[in-house]
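Sequence positions in the sequence shown follow our numbering and run 910 to 1215.
Ideal placement from N, C-alpha and C gives every residue a C-beta, glycine not left out.
Quick notes on the structure that follows.
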Amino acid sequence: MARVGADHPRAVWLRQAWFHSAIVCCEAVSELEAIDVQHLGREESICCFRQGDVIIDPGPEVSSARVIDALGDEAPRAILLTHIHLDHAGAAGALMERWPQTELWVHERGARHIVDPSKLIASATRLYGERMDELWGEIVPVPQERVKVLTGGEVIGDFRVIYTPGHASHHVSYVHEPTGTAFAGDVCGVRRLGAPVMAPTPPPDIDLEAWEGSLKLIEEVGPQRLAVTHFGIHEDVEGHIAQLRENLVRVEEWAREVPDAPAFAERMRDWLVGSSGQKAADAYFAVMPPEDGYAGLERALMQRGD
């Protein structure tokens, strides 16, 4: 095959096409913003992401002022929810009231609870009691006609939707294809303030086999970076997922071995303090109390018959 010279029209076109593609990618990456909502005054606890004209997981309603301040006068085209837990989705309804032209994306298993959050509120109130308002604020319903219901597998504009259960049965991840950023909610774990990548395992629907399947799906996509709500943007994708997978196995073993939640909490605290220090342990427990983590694992193991 004859070589194409540097000045050949085809070579010039290829250079221009590559240069244009690189510019588009760089511009898209520059449009990625991590908004620290500073829930309860804690830094690097809950992160809302902005990618161009959409936001992903706005966080709790009590922290929504941080999101509003970050966006200024610009209303997003859409709010994308990875799942409906209140630390991710609690602000959605209130923000949708503020932005009447914005639509909301959510998996089909969570959609009905966004439209009518009464069961979600009742469940959370049983868990948090009198602290419900302090922790999460007002949970506002979203009009059904403004909800885009997802099943997984959709490609909508620049985003590919992947169904990623394990942490929650209504969990999806969004891959922004121009930049290779995977907005992975909680399925890619908790990683904050020097702590190792840990798996948040609250009840009611932890599924360890499904979680492993979701991690494999994300690996198959091959993202260049992971955007995780707790907390931030991480480009060491392979190492991040490997550490999460290792620690998922670890916490499952602890849940099998210990007699109750206090023993599980003690085992986890001793390990975290020993491996990463007291600050890292406190940082993780602020997001995922170990008693809740044990409850989710215990339920999952019982349902599996272990």
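- Task: Report the option in 1011, 1041, 1050, 1017 whose CA atom is closest to the CA atom of residue 1025.
- Result: Checking every option, the nearest Cα to that of residue 1025 belongs to 1050.
- Could you check the C-alpha separation between residue 989 and residue 1119 for me, to the nearest Å? Between residue 989 and residue 1119, the alpha-carbon positions lie close to 22 angstroms from each other.
- Starting from the Cα of residue 992, find the closest Cα among 1071, 1126, 1147 and give me that residue. Of 1071, 1126, 1147, the residue nearest in Cα terms is 1071.
- Message: Comparing C-alpha positions only, which one of 997, 943, 1022, 977 sits nearest to residue 1096?
- Response: In this structure, 997 is the residue among 997, 943, 1022, 977 with its C-alpha nearest to the C-alpha of residue 1096.
- Query: Taking just the CA atoms, how far does residue 1199 sit from residue 1182?
  - Reply: Going by C-alpha positions, residue 1182 is about 14 angstroms away from residue 1199.
- Residue ranges of each beta strand (DSSP E) run of no fewer than 3 residues wholly in the stretch 948-1012, ordered along the chain? Secondary structure in the stretch 948-1012: the beta strand (DSSP E) runs of 3 residues or longer, each lying completely within the stretch, are 956-960, 963-965, 987-989 in chain order.
- Item | Helix, strand or coil at residue 1212 according to DSSP, with G and I counted as helix | Residue 1212: helix per DSSP, three-state reduction.
- Query: Between residue 940 and residue 1010, what straight-line distance do the alpha-carbon atoms span, to the nearest angstrom?
  - Reply: Roughly 21 angstroms separates the two Cα atoms.
- Quick one: give me the first and last residue of the beta strand (DSSP E) that residue 1066 is part of. Unbroken run through residue 1066: none, as it is neither H nor E.
- Evaluate residue 1106 with the Cβ neighbour count: other Cβ atoms within 10 Å of its Cβ, from every protein chain shown; 16 or more gives buried, anything less gives exposed. It is buried - the Cβ of residue 1106 has at least 16 other Cβ atoms within 10 Å.
- Query: residue 933 to residue 1109, Cα distance in whole Å?
  - Reply: Here the model assigns residue 933 a pLDDT of 40, short of 50, so the residue's position is not dependable, and the following value carries that caveat. Computed Cα separation, rounded: 35 angstroms.
- Residues sharing a beta bridge with residue 1082, DSSP: Answer by DSSP bridge pairing, in chain order: 1071.
- Query: Using the C-alpha atoms, what's the distance from residue 1210 back to residue 1133?
  - Reply: Whole-angstrom Cα-Cα distance: 33 angstroms.
- Among the residues of its own chain, which have a CB less than 7 angstroms from the CB of residue 1028, if the five just before and after it don't count? The beta carbon of residue 1028 sits closer than 7 angstroms to the beta carbons of 1022 from its chain, once the five residues preceding and following it are set aside; these are given in chain order.
- Query: Are there 16 or more other CB atoms within 10 angstroms of the CB of residue 1212, so buried, or fewer, so exposed?
  - Reply: Exposed, since its Cβ has fewer than 16 Cβ neighbours within 10 Å.
- Helix or strand or just coil, what does DSSP make of residue 1048? Coil at residue 1048, not helix or strand.
- Message: With DSSP as the reference, identify every bridge partner of residue 1136, one or two as the case may be.
- Response: In the DSSP secondary-structure assignment, residue 1136 is bridged to 1092, 1142.
- Query: Which same chain residues, not among the five before or five after residue 1140, have their C-beta less than 6 angstroms away from its C-beta?
  - Reply: Exclusion of the five residues before and after residue 1140 leaves 953, 956, 1101 as the residues of its chain whose Cβ lies within less than 6 angstroms of its Cβ.
- Quick one: give me the first and last residue of the alpha helix (DSSP H) that residue 1126 is part of. Taken as a continuous stretch (DSSP letters only), the alpha helix (DSSP H) holding residue 1126 covers 1117-1130.
- 7 angstroms CB neighbourhood of residue 1030 in its chain, flanking five on each side removed: Hits under 7 angstroms: 1048.
- Starting from residue 1056, trace the alpha helix (DSSP H) both ways and give me its first and last residue. Counting along the chain, residue 1056 falls outside any alpha helix (DSSP H), though it belongs to the beta strand (DSSP E) covering 1056-1059.
- Of all the options 995, 1061, 1192, 1001, which has the alpha carbon lying nearest to the alpha carbon of residue 1099? When only C-alpha atoms are compared, the closest one is 1192.
- residue 966: buried (16+ other C-beta within 10 angstroms of its C-beta) or exposed? It counts as buried.
- Boundaries (first-last residue) of the alpha helix (DSSP H) holding residue 1179: Segment 1170-1185, the alpha helix (DSSP H) holding residue 1179.
- For residue 1114 and residue 1165, the rounded distance between their alpha carbons: Approximately 17 angstroms between the Cα atoms of the pair.
- Query: Which two residues bound the contiguous beta strand (DSSP E) that contains residue 1102?
  - Reply: That residue, residue 1102, is in no beta strand (DSSP E); it is neither H nor E in DSSP.
- Contact belief for residue 973 with residue 1004 at Cβ below 8 angstroms, rounded distance in angstroms: Confirmed, about 6 angstroms.
- Whose CA, out of 1124, 1170, 1128, 1090, lies closest to the CA of residue 961? Taking only the C-alpha atoms, the option nearest residue 961 is 1090.
- Who pairs with residue 942 in a beta bridge, going by DSSP? Note: residue 942 sits in a beta bridge opposite 959.
- Own chain partners of residue 1112 with C-beta closer than 7 angstroms, once the 5 adjacent residues on each side are dropped: Taken in chain order, the residues that qualify are 1204, 1205, 1208.
- Taking the C-alpha atoms as reference points, what is the distance between residue 1060 and residue 1075? Going from the Cα of residue 1060 to the Cα of residue 1075 covers about 15 angstroms.
- For residue 975 versus residue 968, is the C-beta spacing smaller than 9 angstroms? Using a Cβ distance threshold of 9 angstroms, residue 975 and residue 968 count as a contacting pair.
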